[in-house]
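Read the structure below first, then the notes.
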Amino acid sequence: MKITVFGIGYVGLVQAAVLAEVGHDVMCIDVDESKVSNLKSGIIPIYEPGLTPLVQQNYASGRLQFTTDAKAGVEHGELLFIAVGTPPDEDGSADLKYVLAVAETVATHMQSHKIVINKSTVPVGTADKVKAKLSATLTQLGKTDTFDVVSNPEFLKEGAAVNDCMRPDRIILGTDNPKAESKLRELYAPFNRNHDKVIAMDIRSAELTKYAANCMLATKISFMNEIANLAELFGADVENVRRGIGSDPRIGYQFIYPGCGYGGSCFPKDVQALIRSADGVGYAARVLEAVEAVNYAQKEKLFEYIMRHFDGDIRGKTVALWGLSFKPNTDDMREAPSRVLLEKLWVAGVTVQAYDPEAMEETQRIYGSRDDLKLMGTKESALAGADFLVICTEWQAFRAPDFELIKQSLSEPVVFDGRNLYEPQRMLEYGLHYYAIGRGLSVQGQ
Ligand code: UDX
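Going left to right, the sequence shown walks through residues 1 to 446 as full-length UniProt numbering numbers them.
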């Protein structure tokens, strides 16, 4: 099938590459000329396991094209994906200007029936706005072409995006026209083997499904972080509690890992956007407000531990920081807990020696050159000359470090772990003072 994807961001690029891989003929459109020319030379703008060869091979075979020519894009696809960004505006609502700009472009250039598919995470009611934009533009231009608008949210996780797209748990199709639904079923047939993963529904329910999924996951995390904070106050160990409750299949083991807060491009933005949307229909989303408030506070937790340990006297110290990305296997630092920590440490007069397996360039891009930020080539070099160690991301490479080296390198043998990577008892045996999230044992070590 002939497909066009508007927006070569995370979602658009992965979706386009995967659709090309199964044989569809995909054209990607973006306004950013340098991004397009880089992709043509095989330079991928994001780090995502498995994506580079997928893009390069499909580009070489001609099934995947990149251009800034929106007119060509509209002509090419019978199915047109909108995968542009919906950044939060000032009050946290999703800003639809890029989505609606694509709708206008589509209406301007279309010459035949088109199915427009909302892939971006958009508030409930956006499909109606896209329809209205298409209709108004067509009327203005005196055109009589017809279209369908479909809601088909993505559920890919960064770091596992290619696999999530290739082997989706579910394919949500929100349509109001059986013909459009059957076209979409045809499109996704290569990913819909073994058992039917398509869950078809009305458009508004599909739009809300995406928010509900992300907000439920964010709720699990904030809930668990609250339990971790209680565990600490009660002298319990949240890791035991986690295993204890996860064994109940109604709760499950996933997304109940306590830590220094959730980040990324989805959870913080989507929780906020749903709170704003709820507000717009006169409903106070109290659970979601609490989820957000707990997460906000959780991102300050490591700094609080540090201040508590050093009695607030940290000016002039040097910290080794392991992990900058918001989670492992990505270079993405959007809403990363490390950023809250970095910025608080700098205000407090601390120099940071940071190491991350993938996010060094991104850190440099965000913060530029500054005297109190040293980007180190290895986790070991980050330790050299540092006073203490902080961990913000659970990269595999941090799971079994040389604890002797840590102890020898640091002027104070203390580790602040925002991801509960180590056993407190073992750390005590190594002579390391260990702070983790919600682990009563760590507090006893004081
Ligand atoms: C998320 C959703 O999982 C995905 O379905 C959606 O399409 C986009 O948003 P992503 O943001 O890539 O994906 O990352 P995810 O793996 O879900 O982690 C989000 C954040 O939650 C990370 O900061 C992670 O460290 C944190 N997290 C996750 C926890 O703190 N504890 C957990 O138990 C799980």
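Glycine included, every Cβ here is placed at the ideal spot set by N, Cα and C.
Check	Outcome
Distance cut-off 8 Å: Gly259 Cβ against heavy atoms of ligand 1	yes
Cβ distance (whole Å) where Ala103 is taken to contact Val84 below 8 Å	Not a contact, Cβ separation roughly 10 Å.
Whole-number beta carbon distance between Val149 and Glu226, since they are thought to touch under 8 Å	Glu226 to Val149, Cβ: 40 Å. No contact.
For His109, the first and last residue of its enclosing beta strand (DSSP E)	Careful: His109 lies outside any beta strand (DSSP E), inside the alpha helix (DSSP H) at Lys97 to His109.
Segment contact, 8 Å Cβ cut-off, at least three pairs: the region 315-329 with the region 250-268	yes
Ala60 classed as buried or exposed, judged by whether at least 16 other C-beta atoms fall within 10 angstroms	exposed
Cβ neighbours of Val11 in the same chain (closer than 8 Å, five flanking residues each side left out)	Ala83, Lys119, Ser120, Glu154 and Leu156
Beta-carbon spacing of Ile8, Lys40 below 9 Å	no
Same chain only: Cβ atoms within 7 Å of Gly385, ignoring 5 sequence neighbours per side	Thr318
Beta-carbon gap between Leu389 and Trp322 smaller than 9 Å	yes
Beta-carbon gap between Glu21 and Met166 smaller than 9 Å	yes
Which of helix, strand or coil DSSP assigns to Gln444	Residue placement at Gln444 cannot be trusted, given a pLDDT of 46 that sits under 50; what the coordinates show is reported in the next sentence. Three-state result, Gln444: helix.
Cβ distance (whole Å) where Glu186 is taken to contact Met1 below 8 Å	7 Å
Host beta strand (DSSP E) of Asp148 (start-end)	Phe147 to Ser151
Pairwise C-alpha distance: Asp145 and Glu300	54 Å
Cβ neighbours of Gln446 in the same chain (closer than 6 Å, five flanking residues each side left out)	Summary for Gln446: the model assigns pLDDT 43, below 50, so the residue's position carries little reliability; its value from the coordinates is reported in the next sentence. For Gln446, where only same-chain residues beyond five positions count, there are no Cβ hits under 6 Å.
Span of the beta strand (DSSP E), counted from its first residue to its last, around Ala389	Rather than Ala, the amino acid found at residue 389 in this sequence is Leu. Phe388 to Ile391 is the extent of the beta strand (DSSP E) around Leu389.
Opening and closing residue of the alpha helix (DSSP H) in which Trp346 lies	Pro337 to Val347
The region 122-141 / the region 98-112 touching (three or more Cβ pairs under 8 Å)	yes
Pair within 9 Å by beta-carbon distance, Ser99 and Val122	This sequence places Val at residue 99; Ser is not what is there. Yes, they are a contact pair.
Secondary structure of Gln65, DSSP reduced to three states	strand
Nearest candidate by alpha-carbon position, reference Val55, set Asp202, Leu80, Ala236 and Val26	Val26
For Trp322: DSSP bridge partner residues	Tyr355 and Ile391
Exposure label - Tyr283; buried when at least 16 CB within 10 Å	exposed
Candidates Pro168, Arg243 and Ala161, of which the one nearest Pro190 by Cα	Pro168
DSSP-derived helix/strand/coil call for Asp30	coil
Reduced DSSP secondary structure (H/G/I, E/B, other) of Gly244	helix
Phe81 CB to nearest heavy atom of ligand 1 below 8 Å	no
Pair within 9 Å by beta-carbon distance, Met376 and Gln396	no
Distance CB(Phe398)-CB(Arg426) smaller than 9 Å	no
Thr146 beta carbon near ligand 1 (any heavy atom closer than 8 Å)	no
9 Å Cβ cutoff met for Leu19 and Pro45	no
For residue 499, the three-state DSSP class (helix, strand or coil)	As shown, the chain starts at 1 and ends at 446. That puts residue 499 outside it, with no answer to give.
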